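Chemist: Quick note on numbering: the sequence shown equals residues 7 to 178 in the working numbering. Handing you a structure now.
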Amino acid sequence: MSDLMDFLQRNAANKGVMATLRYALADKTEIRAWPLLAGLKGIGPSQQARAVRTVAALFAYHPQPCDEGNMGTVCRRLCGADEHTWESTDGQGRTVAPGPMSRRFMYLLSADREEICARTARVVLYAKSKEIPVNYATLEKDLASWPRARAAWASTFWGTEQTKEKVGEETA
């Protein structure tokens with residue numbers, strides 16, 4: 007377990023710490039969270055620091071962690087039951103466009119290192135509204151090494167039928 011995840015789990019019930027960490031999500035207020043993030047390498051312009059700030063703030067907003075999956079899993083769970091996750095054809099041969107969450111996921115995957123944290127934050131906040139847990143330990147690693155995690159997220163989202171069935175069972 008990373009130092010960040012250990013810190014977050016130890017302080018999950020501390021409302022003051024969680025309130026302070028939420029400031030890290032906005033550039034104009036992130037400095038308020040620096041005293042808590044300094045020892046966790048969450049200060050500065052590096053990708054690792056951005057990942058630490060983002061995960062800390064998102065955990066503070068949505069402290070419903072899980073130990074499985076990645077953002078591909080979260081996005082797959084956010085898809086509506088009738089949503090197509092890729093362009094396909096209907097029974098009459100007409101093209102059916104991907105649904106809104108699928109398009110949002112493609113937008114997420116197209117992010118560069120400077121954009122990925124903000125785009126991920128929007129998806130996690132949406133997951134909060136649907137009570138879908140997030141694997142923050144994996145998210146921290148993925149954001150810090152972006153774009154290397156892109157293929158893993160895509161494989162999970164558009165994976166085999168067995169993968170999709172497993173995700174469906176977990177949300178049922």
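We treat Cβ as the ideally placed atom computed from N, Cα and C, and that holds for glycine. Source: prediction; values computed, not measured.
1) Might you give, ordered along the chain, the residues of its own chain that have their beta carbon closer than 7 Å to the beta carbon of Lys134, omitting 5 neighbours on each side?
2) Flag this pair as yes or no: are the beta carbons of Gly140 and Val130 separated by less than 7 Å?
3) How close, in whole Å, do the beta carbons of Cys123 and Gly105 come, if the pair is a contact with beta carbons under 8 Å?
4) What do you reckon, are the CB atoms on Ala57 and Glu146 nearer than 7 Å?
5) How would you write the range of the alpha helix (DSSP H) that Gly78 sits in, first residue to last?
6) Report all residues from its chain with a CB closer than 6 Å to the CB of Trp152; omit the five preceding and five following residues, and keep chain order.
7) Identify whether Phe13 lies in helix, strand or coil by the three-state DSSP scheme.
8) In or out: Gly75 buried (at least 16 other Cβ within 10 Å) or exposed?
9) Return the residue from the list Ala160, Gln15, Leu64 that minimises the CA-CA distance to Tyr29.
10) For Glu176, which residues in the same chain have their Cβ closer than 7 Å to its Cβ, ignoring the five residues on either side in sequence?
11) Secondary structure at Pro153, three-state DSSP: helix, strand or coil?
Modeler: Reading from the atomic positions:
1) Tyr67, His68
2) Just to set this straight, residue 140 is Val in the shown sequence, not Gly. Yes, the Cβ-Cβ distance between Val140 and Val130 is below 7 Å.
3) With a Cβ gap of about 25 Å, Cys123 and Gly105 do not count as contacting.
4) yes
5) Taken as a continuous stretch (DSSP letters only), the alpha helix (DSSP H) holding Gly78 covers 77-84.
6) Arg119, Ile122
7) helix
8) Buried, because 16 or more other Cβ atoms sit within 10 Å of the Cβ of Gly75.
9) Leu64
10) With a pLDDT of 47 at Glu176, under the threshold of 50, the predicted position of this residue should be treated as unreliable, and no value is reported.
11) coil
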